[in-house]
Amino acid sequence: MTPLNYVNYSSTSVDSSRSLYKPIGFILCLLMSPVFSAENYDLAIVGGRVMDPASDFDEIANVGITGDRIAVITKEPITGDKTIDASGHVIAPGFIDTHFHGTQPLHYRLALRMGVTTAMDLEFGALGTRIDDWYSDRDGTSLINYGTSVSHELARASVLDGVDAIDTSEASLTRVHPNWAGLVPTADESEEIFAIIDEGLRSGAIGVGSTLGYMPGASANELFDVQALSASYGRQIGVHLRHTPGTETDEINGAQEVLANAAALNAPAIINHFNNPGWQRVYELITRMQTQGHNVWGEIYPYAAGATTINAVFFDPSNWRDRLGRR
Numbered sequence: 004m005t006p007l008n009y010v011n012y013s014s015t016s017v018d019s020s021r022s023l024y025k026p027i028g029f030i031l032c033l034l035m036s037p038v039f040s041a042e043n044y045d046l047a048i049v050g051g052r053v054m055d056p057a058s059d060f061d062e063i064a065n066v067g068i069t070g071d072r073i074a075v076i077t078k079e080p081i082t083g084d085k086t087i088d089a090s091g092h093v094i095a096p097g098f099i100d101t102h103f104h105g106t107q108p109l110h111y112r113l114a115l116r117m118g119v120t121t122a123m124d125l126e127f128g129a130l131g132t133r134i135d136d137w138y139s140d141r142d143g144t145s146l147i148n149y150g151t152s153v154s155h156e157l158a159r160a161s162v163l164d165g166v167d168a169i170d171t172s173e174a175s176l177t178r179v180h181p182n183w184a185g186l187v188p189t190a191d192e193s194e195e196i197f198a199i200i201d202e203g204l205r206s207g208a209i210g211v212g213s214t215l216g217y218m219p220g221a222s223a224n225e226l227f228d229v230q231a232l233s234a235s236y237g238r239q240i241g242v243h244l245r246h247t248p249g250t251e252t253d254e255i256n257g258a259q260e261v262l263a264n265a266a267a268l269n270a271p272a273i274i275n276h277f278n279n280p281g282w283q284r285v286y287e288l289i290t291r292m293q294t295q296g297h298n299v300w301g302e303i304y305p306y307a308a309g310a311t312t313i314n315a316v317f318f319d320p321s322n323w324r325d326r327l328g329r330r
C-alpha cells in the first residue's frame, strides 16, 4: 500500500514520506454491484457489519479491496488472494481521534488496535519552537496518521517559567511551576508568547491548542488574540474551556466565550470534551452555529472519568470543595 500521510499544514500538498501506510477510504458508489462480485480481489473482508457514518450505511456485507482502494461493498459472495473472516466484527473507516495525548510509537500502536488511524493532539499540543522536531521524531516510526496543534500552555511556560517541554510527554517539567497558569503576562511577555505560537503555526501545526481551564492568568483578551492568530493562518483552535470542570453555568459560559470569538473571527474552533454539566446547551450552541455555516464542532468521550495533574488550579479547595461540592 502507499505510504501514510502525516497531518501538517506547512505546505499545500501532503508529504507521503513521513510514515508507513494509508488507511483505505470508503467508495460507496460501488455498493452492492453484482458485476464486481465475480472478480477476485487482492483482499476480501467477508461477513462483517459494514458501517459508514458518512452515508449511514449499516449492514452485514463483504468488502473487496484492490490495491489500496475499496473496489466493492456487496452482499454477494466475493473471493480474494487473501480473505479475512470479519464475522462478529465491525468494518468501518478508521477513527479520527482529535484528543490524543499519547504521542509515542507505543501509544500509536495501541490506538491502531482500537481502530484509530489518525491521532492528533488538538487540545494540549506541542511547543511552537519545536514543531519541526515533533514531526521529525515520528518520521518513519508511526503506524498511523499523526498531527499536533501548537500549545498555548507551553508557550506561556516557556516565557513565564523559562522551562521548555516539547509536548504532554514532558509536561511534568512545566506543571510544577506556577507562573504559566496564574500569571498575567506583561506586554513584552505577551509578545514573546505570541511569537512562539506564531512560529509553531508557520512550522506546520494544525492549529492552536489551549488548556484555558488550567490558566486563570490567560485573560479573555489573550484568548481572543490567540484565536485571531490561528485564524490568520486559516487554522482552528481547540480549547479546554475556562472553568472546566465547573458548574453548569460556568461550562456554558466557557463555551460561549470560544464560540463567540469563532463567530466574530469567522474561524474554526473545537470545544474539547464538553461532556460536563450543561453539555446539552453547549451541543445546541454548536449545532445551531453549524447550521448557520460556522465551522465549529466538539468532542464527547463515552466514559465518566478523567485524569490530570494533581496541582491543577481547579483542584484548589475553594473551587473543588466549596464551589463544586466535591467533599
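The number in the numbering used here is simply the position in the sequence shown, starting from 1, with 3 added.
Every residue, glycine too, gets a C-beta built ideally from N, C-alpha and C.
Model, not experiment: these values are computed from the prediction.
- Looking at G51, I63, I73, E195, the one whose alpha-carbon comes closest to that of I87 is G51.
- When C-alpha distances from H276 are compared across Y286, N269, A267, A270, the shortest belongs to Y286.
- The DSSP-derived three-state label of V66 is strand.
- When DSSP states are grouped into helix, strand and coil, R52 belongs to the strand group.
- Between A74 and T144, the alpha-carbon positions lie close to 29 Å from each other.
- Apart from sequence neighbours up to five positions away, the residues of its chain that approach V53 with a beta-carbon distance below 7 Å are F60, E62, A64, V66, I76, I94, ordered along the chain.
- Ranked by Cα distance from G83, the options E260, H102, V49, L113 are led by V49.
- Comparing C-alpha distances from G328 to each of I274, T250, E302, A310 shows the shortest one belongs to T250.
- At a Cβ-Cβ threshold of 7 Å, T151 and G128 count as neighbours.
- In this structure, the straight-line span from the alpha carbon of L288 to that of P280 is close to 14 Å.
- For N43, the three-state secondary structure derived from DSSP is strand.
- A direct Cα-Cα distance of roughly 34 Å separates G70 from W300.
- Beta-bridge annotation (DSSP): A307 is not paired with any residue.
- For L262 against M292, the beta-carbon gap comes to about 6 Å, under 8 Å, which counts as contact.
- Nearest in C-alpha terms to R284, of all of F317, E254, E192, P320, is E254.
- The three-state secondary structure of V166, taken from DSSP, is coil.
- Judged by DSSP secondary structure, V285 falls within the alpha helix (DSSP H) whose first and last residues are 282-294.
- Between the alpha carbons of L113 and D191 lies a distance of about 43 Å.
- Counting along the chain, S154 sits inside the beta strand (DSSP E) bounded by residues 148-154.
- L125 places its beta carbon less than 7 Å from that of G212.
- Contact check for W137 and I99: beta-carbon distance about 19 Å, past the 8 Å limit, so the pair fails to qualify.
- With distances taken between CA atoms, Y44 lies nearest to I81 out of S193, A57, I81.
- Partner residues in a beta bridge of H246, as assigned by DSSP, do not exist.
- Around the Cβ of Y306, a 10 Å sphere holds fewer than 16 other Cβ atoms; the residue is exposed.
- A distance of 7 Å or more separates the beta carbons of T177 and A198.
- A57 carries a coil assignment under DSSP once its states are collapsed to helix, strand and coil.
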